[in-house]
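Since the structure comes first, as structure tokens, the remarks are kept for the end.
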Amino acid sequence: STAVETKEFQTEIRQLLDIVIHSLYTEREIFLRELVSNAADAMEKVRYTLLTESGVKDKDAALEIQIDTDDSAHTLTITDTGVGMTKEELVENIGTIAHSGSKEFIKHLSSKGDQKDLNLIGQFGVGFYSAFMVADKVTIHTRSYHQEGKGYVWESDGVGSYTITEGEDRVRGTKMVLHLKEDAHEFAKEETIKRVIKQYSSFVPYPITVNGQKVNTVDALWTKNKSEISDNDYTEFYKFIANAFDEPLFRLHFSSDAPLNINTLLFVPKENFEQFGFGRTEPGVSLYCKKVLIQEKSPLVLPEWLRFLRGVIDSEELPLNISRETMQDSALVSKLNKVVTSRFIKFLDGQSTSEPEKFKEFWEKFNFYLKEGAANDLTHQKELIKLLRFESSSTQPGELISLADYAGRMKEDQSAIYYVNGPSREVIESGPYLEIFKNKGFEVIYTYAAIDDYIFGAIREYEGKRLISADEADLNLGDTEQQSRSEDALSEEDVLALTNWLKEVLGSKVTEVRESKRLVDSPAVVLSPYGTNSMQRMMQLVNKDF
Ligand code: ADP
Ligand code: MG
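Per full-length UniProt numbering, the very first residue in the sequence shown carries number 2; after that it's consecutive.
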């Protein structure tokens, strides 16, 4: 039968399509990158399925992306032999958005005037819709890799709704036909398509043909020798795997044989989208075995706090048919995780001295992830503590030091590391907590984030030196002699009368009022009997996701 079902797009998608269709975006050729990357993703999935399941439909079909242009019909067709989609998958994958980050992205786009940055579309899991920048109708013919099942045809003009019709059975995979808008006819020209593929998709790990001619060189960059790879190759590869348009901030390419055979290529992106309120970043490092994708954007191969990384980890030692279900318990995967994480931390440590400016930029954008790691990841806590950076009473605003810097210049009579928490340098320096330290010439670390105090509270000491909050009540700065009382000081009797009176006035708001030995200029200071003030602030935060 050829019953036609008409379905509405989800609200967010309607909003997105409205923006996409009406955008005067100059780099609209990125739509091809998105469609080719979807085709490549679908083939990565099938390649894995071929290894793990029997009975995949058309198992001998060549894994290849075919692009055909028709200059007279003004169509562009992209065909893959990937996993294809069932009818349910069509509805679920194309027509609905589940990820909250994508919704945030759409909201963000809607709030912008003419400056809409559609370049980010692929990073937010809605790349497919970029097809409507150039097409006024898209037809998808698809056939799932499951033996049973049928072929389906999805079609839409991108305005409000789409149709699904049962189609003729066809070879496994997906064929997308773009009916080009009048001002986009250039994308039915072979030369244009070849140029765009070269520009955006040279690292697709499958052969791509344009009207039957092969246009890319297929290679797994991470298995090549570093000396054979140019900076530009790396950057293009990053853009391909991360659906990114920017240059990476850092890259780390390393191979090792012991304790595990690993080939790894990792990138730190230029921007941290979590910082901009786009929701939680999804992990972006994929796990391979001998160039075969085992798990895309694996949540297991690196700790959660490294979710900002993009890249590839390839290990020959993984069993090819490792199932995603047993991966969680795989000792090998956790070993990979540990080795790569340590190597990456060591890399950052090295960069902090060899590329201090770049490291500072990294720190400013990504410090929260490292702190999250230092707070939660006990395996790597020690290594991560070394990477933490702070301002202090001895630095200029914006200048950063490590705990090692601090420890290296402690005063002879100083036995502990002191820190104080506050929302800003100005607030900390105008408060009373620093006075005694200034007087003794002790440096005090300024912590502006509650998580810093949480970490200090958790680790307690650094290289044998206690970490002490400057607002702790029982601060002992190692004085044996009490400061001599000045001439006009109150008598002990008067002090007692004053503190008793204050206690009466303040009632249950205080547990104790006593004469201070730490103040120099300020008349009074509030201290916490339960550890530090900032710990209390932290307690108020515990239910938040830090
Ligand atoms: P993303 O690729 O980030 O998931 P897209 O908007 O590009 O977001 O694609 C949405 C979904 O549509 C994909 O996750 C996939 O499930 C499905 N899809 C798109 N193109 C194909 C294709 N060529 N073959 C199979 N599935 C596809
Ligand atoms: Mg995509």
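Glycine residues also receive a C-beta, built at the ideal position from the N, C-alpha and C atoms.
Predicted model, so just to flag it, every value in this text is computed and none were measured.
Residue i beta carbon near the ligand MG (any heavy atom closer than 7 Å)
| i | result |
| --- | --- |
| F367 | no |
| S38 | yes |
| E192 | no |
| E35 | yes |
| G123 | yes |
Minimum C-alpha distance to residue i - residue among the options
| i | options | result |
| --- | --- | --- |
| R34 | K225, K387, V496 and L121 | L121 |
| E272 | C290, G126 and P249 | P249 |
| A189 | E105, T78, E493 and L266 | T78 |
| Q415 | L468, F125 and L388 | L468 |
| A459 | G423, K383 and S492 | K383 |
| G285 | N368, Y434, F251 and Q124 | Q124 |
| E462 | V511, K387 and S509 | K387 |
| G280 | K138, T143 and A99 | A99 |
| L36 | T53, E9 and D81 | D81 |
| Q200 | T218, A332, D184 and L503 | T218 |
| D61 | V197, I194, L503 and Y146 | Y146 |
| K339 | K372, S353 and D378 | D378 |
| G423 | F438, I446, G174 and L491 | I446 |
| A245 | F32, E494 and I20 | F32 |
| I456 | G174, E167 and Y420 | Y420 |
| I346 | A332, F363, S331 and E358 | F363 |
| F204 | K182, F133 and I66 | I66 |
| S517 | S509, Q276, L499 and L507 | L499 |
Range of the contiguous beta strand (DSSP E) that encloses residue i
| i | result |
| --- | --- |
| L222 | Unbroken run through L222: none, as it is neither H nor E. |
| Y163 | S162 to G168 |
| K466 | K466 to S470 |
| T76 | T76 to D81 |
| K412 | Segment: none, K412 is in no beta strand (DSSP E) and carries neither H nor E. |
Exposure label - residue i; buried when at least 16 CB within 10 Å
| i | result |
| --- | --- |
| P524 | exposed |
| T7 | exposed |
| H381 | buried |
| D489 | exposed |
| Q483 | At Q483 the pLDDT is 47, less than 50, meaning the model places this residue with poor confidence; the figure from the coordinates comes in the next sentence. Under this definition Q483 is an exposed residue. |
| N226 | exposed |
| V23 | This sequence places His at residue 23; Val is not what is there. That one is exposed. |
| F277 | exposed |
N-terminal and C-terminal residue of the alpha helix (DSSP H) that residue i is part of
| i | result |
| --- | --- |
| S299 | Segment: none, S299 is in no alpha helix (DSSP H) and carries neither H nor E. |
| R34 | I31 to T53 |
| G126 | From DSSP, G126 is part of no alpha helix (DSSP H); its letter is neither H nor E. |
| N501 | E493 to L507 |
| G56 | No alpha helix (DSSP H) contains G56, which DSSP labels as neither H nor E. |
| R144 | Looking at the DSSP string, R144 is not in any alpha helix (DSSP H); the run it does join, the beta strand (DSSP E), is A136 to R144. |
| L401 | No alpha helix (DSSP H) holds L401; DSSP gives it neither H nor E. |
| V372 | According to the sequence shown, residue 372 is Lys rather than Val. Looking at the DSSP string, the run of the alpha helix (DSSP H) that includes K372 is P357 to N377. |
| K88 | K88 to N94 |
| R308 | It is not in any alpha helix (DSSP H) - R308 carries neither H nor E in the DSSP assignment. |
| S517 | Per DSSP, S517 belongs to no alpha helix (DSSP H) and is neither H nor E. |
Near the ligand ADP: residue i beta-carbon under 7 Å from a heavy atom
| i | result |
| --- | --- |
| V92 | no |
| Y130 | yes |
| V445 | no |
| M134 | no |
| residue 1 | Coverage of the chain is limited to positions 2 through 547, which leaves residue 1 absent and any answer about it impossible. |
| I95 | yes |
For this session: List in chain order: all unbroken beta strand (DSSP E) runs of 3+ residues lying wholly within the region 173-208.
Result: 174-181
For this session: Can you check the region 222-265 for any beta strand (DSSP E) of at least 3 residues that lies completely inside it and give the ranges in chain order?
Result: 251-257
For this session: Report the residue ranges of all alpha helix (DSSP H) runs contained in full by the region 416-445; include only those spanning at least 4 residues, in chain order.
Result: 426-431 and 436-441
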